[in-house]
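Residue numbers (full-length UniProt numbering), protein chains in the order written: chain A, 1 to 546; chain B, 1 to 546. We put the beta carbon where it would ideally sit given N, CA and C, even for glycine. Note that the structure is predicted; figures quoted are calculated from it, not measured. Working notes, beginning with the structure itself.
Protein chains: 2
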Amino acid sequence: MGWEDIAADKKKRIADSIPQEWRIKSEPTDVSVMAYPKQSGIMSAEELAITESTAVDLVAQLAAGKLSSVAVTTAFLKRAALAHQLTNCALEFFPDIALARAKFLDEALKKDGKPVGPLHGLPISLKDQFRIKDLETSMGYVAWIGKYEEGNSVLVDMLERAGAVFYVKTSVPQSLMVCETVNNVIGRTTNPRNKNWSCGGSSGGEGAMVGFRGGIIGVGTDIGGSIRVPSAFNFLYGLRPSHGRLPYGKMANSMEGQETVHSVCGPLTHSVADMRLFVQSVLAEEPWKYDSKVIPLPWRGVEAEAVKAKITSGGLTLGYYNCDGNVLPHPPILRGIETVVSTMKKAGHTVFPWKPYKHDYAVNLINGIYASDGGTDIFNTLKESGEPAIPNFADLINSTLPKIDMNELWDVHLKKWAFQCEYLEQFRLMEEKLGKEIDAIIAPITPTAAIRHNQFKYYGYASAINLLDFTSVVVPVTFADKSIDVKDANFKPLNDMDKTVQAEYDADAYHGAPVAVQIVGRRLTEERIMEIAEEIGKLLGNEITL
Amino acid sequence: MGWEDIAADKKKRIADSIPQEWRIKSEPTDVSVMAYPKQSGIMSAEELAITESTAVDLVAQLAAGKLSSVAVTTAFLKRAALAHQLTNCALEFFPDIALARAKFLDEALKKDGKPVGPLHGLPISLKDQFRIKDLETSMGYVAWIGKYEEGNSVLVDMLERAGAVFYVKTSVPQSLMVCETVNNVIGRTTNPRNKNWSCGGSSGGEGAMVGFRGGIIGVGTDIGGSIRVPSAFNFLYGLRPSHGRLPYGKMANSMEGQETVHSVCGPLTHSVADMRLFVQSVLAEEPWKYDSKVIPLPWRGVEAEAVKAKITSGGLTLGYYNCDGNVLPHPPILRGIETVVSTMKKAGHTVFPWKPYKHDYAVNLINGIYASDGGTDIFNTLKESGEPAIPNFADLINSTLPKIDMNELWDVHLKKWAFQCEYLEQFRLMEEKLGKEIDAIIAPITPTAAIRHNQFKYYGYASAINLLDFTSVVVPVTFADKSIDVKDANFKPLNDMDKTVQAEYDADAYHGAPVAVQIVGRRLTEERIMEIAEEIGKLLGNEITL
Numbered sequence: 001m002g003w004e005d006i007a008a009d010k011k012k013r014i015a016d017s018i019p020q021e022w023r024i025k026s027e028p029t030d031v032s033v034m035a036y037p038k039q040s041g042i043m044s045a046e047e048l049a050i051t052e053s054t055a056v057d058l059v060a061q062l063a064a065g066k067l068s069s070v071a072v073t074t075a076f077l078k079r080a081a082l083a084h085q086l087t088n089c090a091l092e093f094f095p096d097i098a099l100a101r102a103k104f105l106d107e108a109l110k111k112d113g114k115p116v117g118p119l120h121g122l123p124i125s126l127k128d129q130f131r132i133k134d135l136e137t138s139m140g141y142v143a144w145i146g147k148y149e150e151g152n153s154v155l156v157d158m159l160e161r162a163g164a165v166f167y168v169k170t171s172v173p174q175s176l177m178v179c180e181t182v183n184n185v186i187g188r189t190t191n192p193r194n195k196n197w198s199c200g201g202s203s204g205g206e207g208a209m210v211g212f213r214g215g216i217i218g219v220g221t222d223i224g225g226s227i228r229v230p231s232a233f234n235f236l237y238g239l240r241p242s243h244g245r246l247p248y249g250k251m252a253n254s255m256e257g258q259e260t261v262h263s264v265c266g267p268l269t270h271s272v273a274d275m276r277l278f279v280q281s282v283l284a285e286e287p288w289k290y291d292s293k294v295i296p297l298p299w300r301g302v303e304a305e306a307v308k309a310k311i312t313s314g315g316l317t318l319g320y321y322n323c324d325g326n327v328l329p330h331p332p333i334l335r336g337i338e339t340v341v342s343t344m345k346k347a348g349h350t351v352f353p354w355k356p357y358k359h360d361y362a363v364n365l366i367n368g369i370y371a372s373d374g375g376t377d378i379f380n381t382l383k384e385s386g387e388p389a390i391p392n393f394a395d396l397i398n399s400t401l402p403k404i405d406m407n408e409l410w411d412v413h414l415k416k417w418a419f420q421c422e423y424l425e426q427f428r429l430m431e432e433k434l435g436k437e438i439d440a441i442i443a444p445i446t447p448t449a450a451i452r453h454n455q456f457k458y459y460g461y462a463s464a465i466n467l468l469d470f471t472s473v474v475v476p477v478t479f480a481d482k483s484i485d486v487k488d489a490n491f492k493p494l495n496d497m498d499k500t501v502q503a504e505y506d507a508d509a510y511h512g513a514p515v516a517v518q519i520v521g522r523r524l525t526e527e528r529i530m531e532i533a534e535e536i537g538k539l540l541g542n543e544i545t546l
Numbered sequence: 001m002g003w004e005d006i007a008a009d010k011k012k013r014i015a016d017s018i019p020q021e022w023r024i025k026s027e028p029t030d031v032s033v034m035a036y037p038k039q040s041g042i043m044s045a046e047e048l049a050i051t052e053s054t055a056v057d058l059v060a061q062l063a064a065g066k067l068s069s070v071a072v073t074t075a076f077l078k079r080a081a082l083a084h085q086l087t088n089c090a091l092e093f094f095p096d097i098a099l100a101r102a103k104f105l106d107e108a109l110k111k112d113g114k115p116v117g118p119l120h121g122l123p124i125s126l127k128d129q130f131r132i133k134d135l136e137t138s139m140g141y142v143a144w145i146g147k148y149e150e151g152n153s154v155l156v157d158m159l160e161r162a163g164a165v166f167y168v169k170t171s172v173p174q175s176l177m178v179c180e181t182v183n184n185v186i187g188r189t190t191n192p193r194n195k196n197w198s199c200g201g202s203s204g205g206e207g208a209m210v211g212f213r214g215g216i217i218g219v220g221t222d223i224g225g226s227i228r229v230p231s232a233f234n235f236l237y238g239l240r241p242s243h244g245r246l247p248y249g250k251m252a253n254s255m256e257g258q259e260t261v262h263s264v265c266g267p268l269t270h271s272v273a274d275m276r277l278f279v280q281s282v283l284a285e286e287p288w289k290y291d292s293k294v295i296p297l298p299w300r301g302v303e304a305e306a307v308k309a310k311i312t313s314g315g316l317t318l319g320y321y322n323c324d325g326n327v328l329p330h331p332p333i334l335r336g337i338e339t340v341v342s343t344m345k346k347a348g349h350t351v352f353p354w355k356p357y358k359h360d361y362a363v364n365l366i367n368g369i370y371a372s373d374g375g376t377d378i379f380n381t382l383k384e385s386g387e388p389a390i391p392n393f394a395d396l397i398n399s400t401l402p403k404i405d406m407n408e409l410w411d412v413h414l415k416k417w418a419f420q421c422e423y424l425e426q427f428r429l430m431e432e433k434l435g436k437e438i439d440a441i442i443a444p445i446t447p448t449a450a451i452r453h454n455q456f457k458y459y460g461y462a463s464a465i466n467l468l469d470f471t472s473v474v475v476p477v478t479f480a481d482k483s484i485d486v487k488d489a490n491f492k493p494l495n496d497m498d499k500t501v502q503a504e505y506d507a508d509a510y511h512g513a514p515v516a517v518q519i520v521g522r523r524l525t526e527e528r529i530m531e532i533a534e535e536i537g538k539l540l541g542n543e544i545t546l
């Protein structure tokens with residue numbers, strides 16, 4: 001069988017996994033499919049309410065036996081089925097396994113009188129990089145189709161022990177090294193708010209799925225924006241924890257074993273409250289006893305409380321930047337930053353301009369790291385099946401690059417470390433000047449609102465943070481508005497990339513596109529940054545979005 | 001100037017840095033120089049008492065103004081001068097700078113009425129890998145002689161802020177990749193207890209210096225035993241913290257940028273109490289704000305208290321092994337393990353045999369990592385000056401090995417990670433079986449007591465722990481005794497290395513040599529392991545050694 005046939009068969013298997021009664025009879029005509037679940041007639045009012053609830057509320061009701069896991073799982077299965085049919089976001093869909101698990105959990109609750117764990121009965125969607133026993137993990141590679149897993153990823157085990165139900169694995173771009181979601185297996189995943197926009201990537205299937213509320217908590221990975229970009233493009237919160245906070249053991253990946261910049265796992269959610277539920281549930285399982293890369297750092301309630309006290313007293317100290325010195329964001333993003341800055345100032349917090357330190361250098365350095373094997377690993381996987389590379393792929397990694405040598409790599413490691421330490425010095429110098437500790441930096445996560453297809457060019461706002469291994473939480477802010485976010489007629493490009501990115505802006509085309517910022521803190525500051533992100537979300541009115 | 005002249009000049013400069021009145025008139029004839037300070041007439045009774053005190057006691061007296069830093073520093077300067085003349089252990093000696101600093105601290109205390117920090121006025125010796133502004137860091141390389149530093153290593157800055165006084169930097173083996181201490185600059189450092197024995201390496205100068213009490217707390221580094229082996233060979237405690245606990249920023253090193261297995265900094269001391277003082281003092285400086293590789297993990301008093309409670313109730317759970325399956329230790333080490341095991345059992349703790357999991361595999365893997373650039377970095381440094389490689393060097397790294405390729409390195413990373421996770425699984429399986437948590441493992445750190453020169457062949461007891469990045473504390477146990485530790489006539493070697501190592505044993509030659517064990521815990525368990533090591537030391541009567 002040629003690669004086209006293998007891919008077509010896989011695509012058909014995914015489509016076939018959707019029961020007849022959940023199938024869409026006629027394609028919606030609107031560019032947005034957000035209203036479809038309500039109009040479809042496929043979902044009951046209760047199912048709509050369940051899927052539009054919060055994870056925190058659902059687990060409370062599940063634990064109390066007020067909602068059954070079968071009911072909750074069925075609701076999300078239906079909505080996920082719609083999500084896939086409308087945005088093409090799933091690489092695995094397994095309602096039977098999910099419902100059997102839900103039934104088991106319902107019975108366990110009845111029998112034991114208590115929930116299995118803090119996520120008892122809650123459906124969680126996974127990027128198709130997580131291994132689940134007996135399922136495929138194609139990760140968008142044709143070559144990997146037909147290989148069935150012998151065991152779970154570590155995080156899958158932890159979530160399962162916490163009581164979660166798995167029901168879907170979502171699409172990714174071929175290689176994962178792209179911030180849009182296109183592969184040769186199922187094609188492109190689109191944004192549920194507008195089919196002309198990207199859902200982001202590489203956890204783009206999660207972005208579309210959770211954005212559409214086919215999922216309540218989705219789990220993605222991020223080595224250069226792959227959790228944060230889809231969160232931003234789908235009006236979601238997204239956590240890129242620092243490396244070593246959450247387990248990555250036994251995940252599938254491209255460029256496996258590359259450790260200069262680590263990919264990390266993290267959740268995409270509708271609220272920080274749900275994000276916190278996820279992180280606390282995983283940490284309670286002591287992942288450091290299973291994955292050697294995880295730091296033995298339980299949830300630090302003391303850290304969270306200390307930040308809460310600052311929030312209450314208007315005592316946060318927040319830096320911000322709206323341009324990294326490489327590429328100026330589009331008008332909606334500039335307004336997004338300004339909105340958050342003025343909101344936080346109004347709430348009495350100290351907000352000061354942060355000068356991005358050598359971000360151009362950082363972006364070049366990390367691009368070199370992504371390409372350090374000259375694409376060997378990825379191109380070998382493509383060769384296995386004969387499938388071609390997707391177009392965007394060449395933006396980041398291209399087969400003409402030479403593999404770097406061991407001593408060159410060591411030199412890169414030294415440069416990375418020195419840059420990280422210099423960045424910490426910038427924090428200290430500013431803290432001395434301000435006479436107080438910096439709590440976080442408010443920054444763009446992409447230079448654009450949810451982007452039009454094939455236009456994602458500049459990864460630097462995301463990837464500089466990966467190089468620093470700083471903790472980052474994406475906060476949804478607003479939507480592009482053609483009446484306010486007018487094109488800057490006096491724009492002078494700093495460089496070719498800046499010119500290309502800015503040229504893409506079109507106030508009409510981007511009207512309504514989600515606008516987000518990221519809240520960034522030093523390494524391993526998850527508790528603190530989540531607390532601040534939650535406060536910003538609350539002040540913006542976006543924290544609970546029922 | 002040829003390399004020999006450059007080295008000879010450096011050696012002379014070190015000798016010249018010792019004031020006339022501290023110079024030894026006639027060489028002692030005994031193989032041990034331990035009694036020399038008392039006999040020399042160079043040190044006063046008070047100076048002897050100071051140098052034979054504890055750091056904990058000294059900082060208390062310094063902070064209270066009962067002892068001046070000038071007095072304490074002078075005492076250690078004198079004893080360090082003797083140490084160097086007797087064991088050849090210093091690569092830098094700078095009494096004038098040290099005394100000026102001590103005077104400054106004494107005045108600051110008088111002026112401010114309080115100490116600068118928790119180490120106020122305390123002399124600390126440093127391995128010649130730590131950078132101090134305006135001094136050389138030759139690290140035993142002829143090529144690096146004559147280069148004066150523009151700034152301090154991060155840890156040096158932290159210790160300075162904590163109030164420490166620097167006065168000496170100690171010798172290392174060329175390249176650092178050897179567990180004896182020989183270089184072409186000053187030659188060989190010997191063991192103060194017997195000039196026929198090695199002081200260990202690579203922090204061998206620290207071992208000899210602190211062992212001789214020319215230092216009270218010494219700071220070394222460890223990538224394959226380099227803190228632990230010199231601690232063991234000099235009857236000292238030594239901490240190899242897990243990577244990321246203490247700062248390594250701006251250190252000199254061989255193979256800089258190699259990140260597959262990280263070298264770490266840690267103290268060599270006469271007691272865990274002094275070790276704890278050091279670690280707490282450094283962590284109080286928040287090193288994670290200066291060195292990006294440091295995890296934001298302050299001293300965890302709660303962890304220490306939890307272990308203390310177990311100790312009090314006889315509730316520790318300790319595994320042990322006396323053979324790693326590769327090389328059987330000499331009789332004194334087997335007795336050392338047995339002594340600790342029976343002592344802990346007698347104290348009511350649970351002690352069970354631990355089966356070392358694939359240590360042969362681990363040792364091969366880490367040896368490959370040490371050699372991953374085919375020795376390029378080290379041989380380039382040798383070429384710069386023209387100096388030859390020291391003999392032992394070829395045991396670990398040899399220039400005929402090929403440099404490995406990027407994708408091969410990634411494969412090594414995956415193997416390392418998988419091995420680490422499998423090892424964690426062994427812990428979990430045993431914990432399930434025992435029905436309780438394992439607190440630590442008691443293990444050999446070397447297969448021999450303080451070894452005769454040029455006989456250090458097997459690094460595996462140390463290096464397997466580096467591959468795991470487990471926390472380890474060396475505890476001095478006893479001394480080899482020819483009347484008890486008789487050669488095993490029925491020994492059957494497992495392999496050539498085992499045969500070679502065992503053949504080296506000679507009960508007469510090793511009579512009196514220090515015997516130690518290491519106490520090993522999972523990653524980042526410093527508080528716990530130090531607490532257990534202290535208890536073992538106390539029960540053995542070795543914890544406070546005045």
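Residue-level contact to chain B via CB, residue i, 8 Å cutoff
i, result
"A/LEU546", "Any reading at A/LEU546 must be qualified, since the residue scores a pLDDT of 40, below 50, and its modelled position is unreliable; the value itself is stated next. By this cut-off, A/LEU546 is not an interface position."
"A/GLU259", "yes"
"A/GLU46", "no"
"A/ARG428", "yes"
Cutoff 8 Å: residue i Cβ touching any chain A Cβ
i, result
"B/ASP291", "yes"
"B/GLN420", "yes"
"B/LEU524", "yes"
"B/GLY319", "no"
Short Cβ contact (8 Å threshold) for residue i with residue j
i, j, result
"B/VAL264", "B/PRO296", "no"
"B/SER175", "B/GLY201", "no"
"B/GLU92", "B/LYS25", "no"
"B/ALA533", "B/ALA480", "no"
"A/ALA507", "A/LYS482", "yes"
"B/ILE451", "B/ASN183", "no"
"A/SER125", "A/ALA80", "yes"
When the options are compared against residue i, the one with the closest alpha-carbon
i, options, result
"residue 574 of chain A", "A/LEU67, A/VAL486, A/MET406, A/LEU467", "Any property of residue 574 of chain A remains undetermined from this structure, which presents chain A solely from 1 to 546."
"A/GLU52", "A/LYS538, A/GLU92, A/ALA35, A/GLY65", "A/ALA35"
"B/SER281", "B/LYS38, B/LEU524, B/GLU160", "B/GLU160"
"B/GLU422", "A/LEU122, A/ASN490, A/GLN502, A/TYR290", "A/TYR290"
"A/CYS179", "A/SER231, A/ILE145, A/GLY65, A/LYS147", "A/SER231"
"A/CYS89", "A/THR317, A/PRO267, A/PRO192", "A/PRO192"
Beta-carbon separation (whole angstroms), residue i vs residue j, contact threshold 8 Å
i, j, result
"A/GLY541", "A/VAL272", "In fact, because the Cβ distance is near 14 Å, the residues do not count as touching under 8 Å."
TODO: Counting only runs of 3+ residues fully inside the region 176–217 of chain A, write out the beta strand (DSSP E) ranges in chain order.
DONE: 194–198
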